[in-house]
Amino acid sequence: MAFPESVKQQARLRSRGICQCVRETCPHVGPCKASGAEYHHKKGLRNGGGDELSNCQFLCKQCHGQAHGEGSSLGRI
Ligand SMILES: [Zn+2]
Ligand SMILES: [Zn+2]
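Residue numbers for the sequence shown follow the working numbering, so the first one is 5 and each next one is one higher.
Here it is as structure tokens:
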């Protein structure tokens, strides 16, 4: 239910510490640009998503909350 440290590290480097969210339902317009803080499974574990880098998205707290909010069956982290 959590990414290995190596994947987290790569995701953080890849995003340069910035939230990777581009969701249109978020308060921000376009890329978020806030400082990232949490790691999100793009495809939920229950839907067959894994703990690999390609399924990892570095998000700020707010966007991570949104990602698990409305219209999502992923539930809470
Ligand atoms: Zn964000
Ligand atoms: Zn967002």
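We put the CB at the ideal spot given by N, CA and C, even for glycine.
Small disclaimer: the values here were computed from a predicted structure and weren't measured.
Backbone secondary structure at residue i - three-state DSSP
i: Cys64; result: coil
i: Glu28; result: coil
i: Ser76; result: Bear in mind that the predicted position of Ser76 carries a pLDDT of just 48, short of 50, making it too unreliable to give a figure here.
Same chain, Cβ closer than 7 angstroms to residue i, neighbours up to 5 away in sequence not counted
i: Leu57; result: Val11, Gln14, Ala15
i: His68; result: Glu42, His44
Sequence-distant residues of the same chain with beta carbon closer than 6 angstroms to residue i, five excluded per side
i: Lys46; result: Asn59, Gln61
i: Gly73; result: none
Residue interval of the alpha helix (DSSP H) (run including residue i)
i: Glu9; result: 9-19
Residue span of the beta strand (DSSP E) that contains residue i, given as start and end
i: Glu42; result: 42-45
Sequence-distant residues of the same chain with beta carbon closer than 8 angstroms to residue i, five excluded per side
i: Ala38; result: Ile22, Cys23, His32, Cys64, Gln66, Cys67
Practice task
List in chain order the residues whose CB is within less than 6 angstroms of at least one heavy atom of ligand 1.
Solution key: Cys23, Cys25, Cys36, Ala38, Leu63, Cys64, Gln66, Cys67
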